[in-house]
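Colleague: Could you have a look at this structure, given as structure tokens, before my questions?
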Amino acid sequence: MSVTGGSRNIMRRNNVVVLGTGSQTIVLAHGLGCDQRIWHKVVPLLSADYRLVLFDYVGAGESDLSQYNEAKYKTLRGYADDLLDVVECLNLDQPYLLSHSASGSIGVLAEQAAPGTFRHLLMVSPSPRYINDGTYQGGFERSDIDALLELMEENYFQWANVMAATAMKNEQRPELAERLVRSFQQARPDIMLNFARAILYSDYRAEYAELACSVSVMQAADDAIVPPAVSDYLVGTMQKCELYTLDAQGHYPQLSHPAEVVTLLRKILNAAVPRP
């Protein structure tokens, strides 16, 4: 994977890091309030056999904050465009995409915009819509989301503590929620709020249903953010979707149960067949 002079801006913008060895490449995409370091327990378990591409969305981690544009990132399509830029600037040939949470939707939008970009989508805790809608159970009422975002705007640090405890679960391991709180607090609150609105008010059910790319959904058995009904919905509506349930708690199994996540990933990757 060579980097041309014209690609260096993208590399800086998204703090792109390439490591590991192997004939197959996996792009790892983080979710809200995190950056590429959210994968730090998974990377050592994969880097001996796969080439890994990590990056930060603009506004997260060590990305170039000077390139943040509120209008561009008002929806997840702006992030999807950046993901495609990362793949293109490294001349990646149909890599796998390992996405967490909202990056599941970002990956869907990227693949929809440029079909064939990814060989296979590996989604951890994805959701096409977080708000209940008729028979669709996304896990939250609109009023719940309104209240969550209001707290985020009025008292960001209180929101960080509440959200981390709720999302992480694993109460017997408080260091996990503490790690997540630190991640949330390192981000700029205004950028986080814009990203959260783009995620929590979104509805990409139609885009998921139209996707031709094959998908593997990995879902923790006990997730306060994405209920089992969402995963069941994806399996029932997507064209090529398989569901794998992890014996894990919380919305961040890559932190709480990294060995289980990697074992499942290897199983899926070993069985994957190249797309025609």
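Oh and the sequence shown: position 66 is 66 in full-length UniProt numbering, straight run, nothing missing.
The C-beta atom is built at its ideal place from N, Cα and C for all residues, glycine as well.
Per DSSP, Ile131 forms a beta bridge with which residues?
Modeller: Phe140
Colleague: In chain order, what residues of the same chain have a beta carbon less than 8 Å from the beta carbon of Leu255, not counting five sequence neighbours either side?
Modeller: Result list for Leu255: Ile38, Lys41, Met168, Leu176, Arg179, Leu180, in chain order.
Colleague: Suppose only complete runs of 3+ residues qualify. What are the beta strand (DSSP E) ranges in the stretch 144-224, listed by chain order?
Modeller: 215-222
Colleague: Looking at the strands, I want to know which residues DSSP matches up with Val18.
Modeller: Val53
Colleague: For Tyr244, which residues in the same chain have their Cβ closer than 6 Å to its Cβ, ignoring the five residues on either side in sequence?
Modeller: Only residues of its own chain outside the window of five on either side were considered, and among them Met218, Leu264 have a CB closer than 6 Å to the CB of Tyr244, listed in chain order.
Colleague: Suppose contacts are defined by Cβ-Cβ distances below 8 Å. Is Asp81 in contact with Arg13 by that definition?
Modeller: no
Colleague: List the endpoints of the continuous alpha helix (DSSP H) containing Ser47.
Modeller: Taken as a continuous stretch (DSSP letters only), Ser47 belongs to no alpha helix (DSSP H), as it is neither H nor E.
Colleague: To the nearest angstrom, how far is it from the Cα of Leu84 to the Cα of Ser99?
Modeller: So the two alpha carbons sit approximately 14 Å from each other.
Colleague: Just mark Ala248 as buried or exposed, buried being the case when its beta carbon has 16 or more other beta carbons within 10 Å.
Modeller: buried
Colleague: With a 10 Å radius around its C-beta and 16 neighbouring C-beta atoms as the bar for buried, classify Arg205 as buried or exposed.
Modeller: Around the CB of Arg205, 16 or more other CB atoms lie within 10 Å, so the residue is classed as buried.
Colleague: Which residues in the same chain as Leu246 place their Cβ atom closer than 8 Å to its Cβ, once the five residues preceding and following it in sequence are excluded?
Modeller: Met218, Gln219, Ala220, Ala221, Pro253, His257, Glu260, Val261, Leu264
Colleague: What is the C-beta distance between Glu70 and Asn194, in whole angstroms, given that I count them as a contact (C-beta under 8 Å)?
Modeller: Going by Cβ atoms, the distance from Glu70 to Asn194 rounds to 6 Å, so yes, they are a contact pair.
Colleague: Along the alpha helix (DSSP H) that carries Met123, what are the first and last residues, could you check?
Modeller: Careful: Met123 lies outside any alpha helix (DSSP H), inside the beta strand (DSSP E) at 120-124.
Colleague: Exposed or buried, which one is Asp35 when buried takes at least 16 other CB atoms within 10 Å?
Modeller: Label assigned to Asp35: buried.
Colleague: For the beta strand (DSSP E) containing Glu242, name the first residue and the last one.
Modeller: For Glu242, the enclosing beta strand (DSSP E) stretches over residues 241-249.
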